[in-house]
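Worksheet: the structure to be examined is printed underneath.
Numbering (this note's numbering), first residue to last: 189 to 560.
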């Protein structure tokens, strides 16, 4: 770690966790998280209004905790990065507003960054600079995506995406059917270790010869598992929860890893990065490692804490923006709940009056309506 490497604070509020990270170059100095997941658990999923209010309450204390953990002053920072999108509109707005306030008060450059690109860039904190291009499989509650990134700060290309339920969403829904609570990923992963992944032959979506080679669909799988469970219960039979968990999980990770390895081969890329919350799944990691070794592909997966939403990933991408002399965002930066992954860096409306796309911008929504 060199003293002249950029020192950047990152703010992440795309969903239910308030994340603040501080990095110097590619070295992680602090990763503070305030989660509201326990509050959402009793509703069986994330409630956007509750998430927004939790971010408001947690923002300043979490930033102060991160600065203390890193042993730096806010005035030492070279920049402030924030997730501009995609994500929950109100939640994003809290983070963007806070980042703009700190940047203005401190006189520091502001960098609005893409949530998905940040999930890729966080691997630099674990395994060093990203190869160029990077092939990334991102798997979370909202996204299952295959992305090719020749330049993580400016050029991210989608190869495939979820057309219905994302993998993490399917985990949550099956956990709900099995009465396992929320979030579903960790508990299904744990129970699956004691089950038989071959016990039930659940379908593998979009794996036929005429199907889109890199797209994902888990809606059919989710329905198949739910009907299988319902049939058992209707017959008065006990549901073998561990076998269901293992067989369902195997169907998900089989499709994810199969398509990711195929994309690497087709694009001539000899490595694969896996990120997003579901990348913490132990079976996904094991099967990906097995298939990558067989195909001569080097696998890069950050440690589980860096796979879930966190401020460190935003700071990592912000530091890369500073290092590559990318233009900072202006103070008219907007939160964009539908920000496409092809925009890893958001300059703001003052830079882009001539550019528009069909996404709803949060600055058009009254904060009085969001928080009254």
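All C-beta atoms, glycine included, are put in the ideal place defined by N, C-alpha and C.
Going by DSSP, residue 202 is part of no beta strand (DSSP E) at all; its letter is neither H nor E.
Restricting attention to beta strand (DSSP E) runs no shorter than 3 residues, the stretch 195 to 254 encloses them at 195 to 200, 205 to 212 and 215 to 223, ordered along the chain. CA-CA distance, residue 279 to residue 425, rounds to 43 Å. For residue 445, DSSP assigns no beta-bridge partner whatsoever. Cβ neighbours of residue 372 within its own chain (closer than 6 Å, five residues either side excluded): 359, 360 and 363. Boundaries of the beta strand (DSSP E) harbouring residue 300: 298 to 302, taken from the DSSP string.
Under a 10 Å Cβ-count criterion, residue 515 is classified as exposed, with fewer than 16 other Cβ atoms of the shown protein chains found around its own Cβ.
For residue 269, the three-state secondary structure derived from DSSP is strand.
Between residue 480 and residue 323, the C-beta gap is not smaller than 8 Å, which leaves the two residues out of contact. Under the three-state reduction of DSSP, residue 343 is assigned to strand. Bridge pairing for residue 334: 325 and 348 [DSSP]. Residue 488 has 461 as its beta-bridge partners, per DSSP. In the DSSP assignment, residue 525 falls outside any alpha helix (DSSP H) and carries neither an H nor an E.
It is roughly 34 Å from the alpha-carbon of residue 250 to the alpha-carbon of residue 352. Pairing residue 431 with residue 384 gives a Cβ-Cβ distance under 8 Å. In the three-state scheme derived from DSSP, where H, G and I count as helix and E and B as strand, residue 427 is classed as coil. For residue 320, there is no enclosing alpha helix (DSSP H), as DSSP gives it neither H nor E. In this chain, the alpha helix (DSSP H) harbouring residue 507 covers 499 to 511. Annotation: the continuous alpha helix (DSSP H) that includes residue 359 extends over 355 to 365. Nearest in C-alpha terms to residue 410, of all of 403, 421, 392 and 398, is 392.
Only exposed fits residue 248, as fewer than 16 other CB atoms lie within 10 angstroms of its CB. Here residue 448 is near residue 325, since their CB atoms are less than 8 Å apart. Minimum Cα-Cα distance from residue 207 among the listed residues 215, 400, 469 and 252 corresponds to 252. For the pair of segments examined, the stretch 474 to 491 was found not to touch the stretch 327 to 337: the number of CB pairs separated by less than 8 Å stays below three.
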